[in-house]
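Here's the structure, in structure tokens; my notes come after.
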Amino acid sequence: QSRKLDKADLPPPPAPVHDELGSAKLLDEPKVPGSGYKALDREGYDDGGVADLTLVIDLEDSVLRRKRGENAYFTALKSDLLPRVTTAHYASMTRRDQKIKLAKLLFSEEDEDEDDTNPSEVYTEAVFDA
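Printed below as a string of structure tokens:
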């Protein structure tokens, strides 16, 4: 597999910082029926912070891409040199998927069933016979 980057295959550059609106822009219709919040003072639906969370998840990558430049950023991404968890059950996930999983974990409700059945830490207590 070639380590050379083909610039035609690269995704479009990130939007300029002043155009990144996040959840400030209302949606024309709810993304998932029944999950949107109708705006009271104007037409449209609020996304409940999903766009803001997406901005936060992608923010570090956008900053790295702007700072390093297209070629250096995508070379590091392709070579798996950008920071990510490389041990335990998160190791098989991509960098962005790890961030999404962490965001879901941080913002999930206590009573929701979580599909994460593997604990990150297990504590055991040794029992000794006296």
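Mapping the sequence shown onto this note's numbering, position 23 (from 1) lands on 28, and the numbers just tick up by one.
Ideal placement from N, C-alpha and C gives every residue a C-beta, glycine not left out.
With a cutoff of 7 Å on beta-carbon distance, Leu69 and Ala108 are scored as not near each other.
For Arg71, the uninterrupted alpha helix (DSSP H) run begins and ends at Val55 to Arg73, by DSSP. Excluding residues up to 5 positions away in sequence, nothing lies with its Cβ nearer than 7 Å to the Cβ of Asp11 in the same chain. Judged by their CB atoms, Leu32 and Asp52 are nearer to each other than the 7 Å cut-off. Look at Lys9 here: in three-state DSSP terms it is coil, with no helix or strand label. Ala44 has its alpha-carbon roughly 43 Å from the corresponding atom of Ala77. Taking all protein chains shown into account, Lys9 has fewer than 16 neighbouring C-beta atoms within 10 Å of its C-beta and is therefore exposed.
For Tyr95, DSSP assigns no beta-bridge partner whatsoever.
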